[in-house]
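**Student:**
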Amino acid sequence: MGDLLKLPYDDSTFDVAWCANASAYLTDDQCWQMLRELKRVVRPGGLVAIKEYDATGCQYQPCPPTLWLRFFEAFSRSSNPQLASINRDTRLGEWLRAVGLVDTCQRPTLMVRFQPLRDVERQFNSRSIALEGWARRRV
Ligand SMILES: C[S@@+](CC[C@H](N)C(=O)[O-])C[C@H]1O[C@@H](n2cnc3c(N)ncnc32)[C@H](O)[C@@H]1O
């Protein structure tokens with residue numbers, strides 16, 4: 428679709444704009460810019476839809492249930508803005524309204540995986556942890 432911070436489309440081009448799993452990689456300022464851009468390219472009355480990961484509900488059993496909360500809390504204090512943005516999801520609704528979007532709603536989807544993990548789940552978790560550099564970080 429192009430750079431989320433400078434979408435190559437005229438104002439009010441689309442009925443719907445959909446953005447999945449990208450806002451978490453942006454700094455706060457970039458995220459505000461992305462929201463303004465999504466609003467700009469969607470016609471009045473159209474739909475801006477954002478799917479994002481909410482780390483606040485994360486658990487990896489059999490880890491102690493508070494371990495990951497402490498982990499993500501540490502991220503939120505990181506000087507790396509892209510790590511610090513990991514908990515932003517809880518504020519996105521407020522930000523959507525602040526850029527002038529109306530009739531906003533948030534719809535949580537709970538994903539649950541129980542031990543013993545299937546191979547595909549274990550591979551997914553391993554890759555996610557490696558990709559994010561989580562394994563190199565400690566609470
Ligand atoms: C975790 S991937 C998600 C990919 C895909 N949307 C999905 O849900 O499977 C994060 C994506 O955000 C994209 N991204 C990060 N900053 C961006 C920007 N400024 N403009 C457009 N895409 C960006 C990256 O290129 C990457 O593909």
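Following my numbering, the numbering of the sequence shown begins with 428 at its first residue and continues without gaps.
Backbone N, C-alpha and C fix where the C-beta goes; we use that ideal spot for every residue, glycine too.
Three-state secondary structure (DSSP) at residue 566?
**Tutor:** Bear in mind that the predicted position of residue 566 carries a pLDDT of just 43, short of 50, making it unreliable; the figure below should be weighed with that in mind. Residue state, collapsed to three classes: coil.
**Student:** Expressed to the nearest angstrom, what Euclidean distance is found between the alpha-carbon atoms of residue 473 and residue 488?
**Tutor:** Here the alpha carbon of residue 473 sits roughly 41 Å from the alpha carbon of residue 488.
**Student:** Is the region 459–470 touching the region 518–527, taking contact as three or more C-beta pairs under 8 Å?
**Tutor:** Segments in contact, yes.
**Student:** Quick check: is any heavy atom of ligand 1 less than 7 Å from the C-beta of residue 516?
**Tutor:** no
**Student:** For residue 495, which residues from the same chain have a beta carbon less than 8 Å from its beta carbon, with the 5 sequence-adjacent residues on both sides left out?
**Tutor:** 482, 485, 486 and 487
**Student:** Is DSSP giving residue 455 helix, strand or coil here?
**Tutor:** helix
**Student:** For my contact list, residue 528 and residue 443 are in at a C-beta cut-off of 8 Å; report their separation, rounded to the angstrom.
**Tutor:** 13 Å between Cβ atoms; not a contact.
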